[in-house]
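Some notes on the structure that comes next.
Residue numbers (our numbering): 5 to 221.
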């Protein structure tokens with residue numbers, strides 16, 4: 005039976021790399037699929053990973069209707085065995101409902117990949133609906149690391165190097181390592197440093213040791 009599978013994690017956990025690998029594995033076995041993404045770091049109509057790999061993709065926007073796209077292709081004689089949906093946190097609730105329809109009504113596998121929570125530690129609407137509807141939810145096992153070396157579980161937004169919890173939920177910024185000087189940037193932090201708003205840039209300026217003291221100074 006077809007399934008809706010959601011692979012979730014923080015930034016830097018390898019979700020886009022896994023999306024590319026999943027597409028490759030299916031294509032190498034003769035299956036035909038469609039690749040979708042939204043607001044990819046490499047620009048529109050591309051699914052890319054930080055390892056430098058990329059494939060052409062369909063850019064998702066507010067008008068995208070996954071079910072209609074698949075039905076039109078099937079009606080014209082095309083073969084569709086699966087969908088790869090990256091950056092699924094940016095999809096609307098309606099988009100996720102459409103993906104569930106593709107699985108249940110058209111018997112086509114859907115593999116969605118996305119970040120679970122935003123820079124305020126709140127669930128993205130698309131990710132929340134995927135958790136509610138998916139047949140399987142997998143938390144990616146490649147652990148992203150905070151600047152201190154601990155497991156990173158929060159996505160932090162910085163403005164000119166300082167962490168902020170204000171602003172729109174979706175705001176494209178620089179995600180490159182060490183991008184703390186960019187006007188809008190993102191980095192992953194452990195809970196301790198997220199709560200104290202201690203970013204990599206601030207830790208460098210204040211000469212903070214990666215290892216916590218056993219007591220408060």
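For every residue, glycine included, the Cβ atom is placed at its ideal position computed from N, Cα and C.
Three-state secondary structure assigned by DSSP to residue i
i, result
"residue 192", "strand"
"residue 86", "strand"
"residue 140", "strand"
"residue 198", "helix"
"residue 81", "coil"
"residue 70", "helix"
"residue 208", "helix"
"residue 33", "coil"
"residue 55", "coil"
"residue 46", "coil"
"residue 132", "helix"
Selection from the options that minimises the alpha carbon distance to residue i
i, options, result
"residue 46", "39, 57, 32", "57"
"residue 41", "30, 59, 136", "59"
"residue 149", "138, 194, 142, 137", "194"
"residue 10", "210, 132, 201, 151", "132"
"residue 90", "151, 199, 15", "15"
"residue 151", "214, 27, 13, 17", "214"
"residue 165", "108, 135, 202", "202"
"residue 84", "95, 116, 49, 30", "30"
"residue 118", "172, 134, 66", "134"
"residue 17", "7, 32, 101, 142", "142"
"residue 81", "140, 51, 36", "36"
"residue 104", "114, 210, 51", "114"
"residue 22", "38, 53, 7", "53"
"residue 97", "78, 63, 137, 86", "137"
"residue 173", "129, 70, 210, 116", "129"
"residue 68", "199, 192, 99", "99"
"residue 6", "167, 106, 168", "106"
"residue 110", "116, 78, 95", "78"
Endpoints, the beta strand (DSSP E) within which residue i is located
i, result
"residue 162", "158-163"
"residue 52", "50-52"
"residue 116", "113-119"
"residue 146", "From DSSP, residue 146 is part of no beta strand (DSSP E); its letter is neither H nor E."
Counterpart residues of residue i in DSSP-defined beta bridges
i, result
"residue 166", "163"
"residue 63", "41"
"residue 24", "Paired residues: none, contrary to the question."
"residue 9", "115, 140"
"residue 126", "In DSSP, residue 126 forms no bridge with anything."
Residue range of the alpha helix (DSSP H) that includes residue i
i, result
"residue 106", "97-110"
Chain B within 8 Å of residue i, Cβ atoms only
i, result
"residue 171", "In the displayed structure, chain B is absent; only one protein chain is listed."
With three or more C-beta pairs closer than 8 Å as the rule, is the stretch 73-80 touching the stretch 120-127? no
Any contact of the stretch 155-167 with the stretch 134-146, i.e. 3+ C-beta pairs under 8 Å? no
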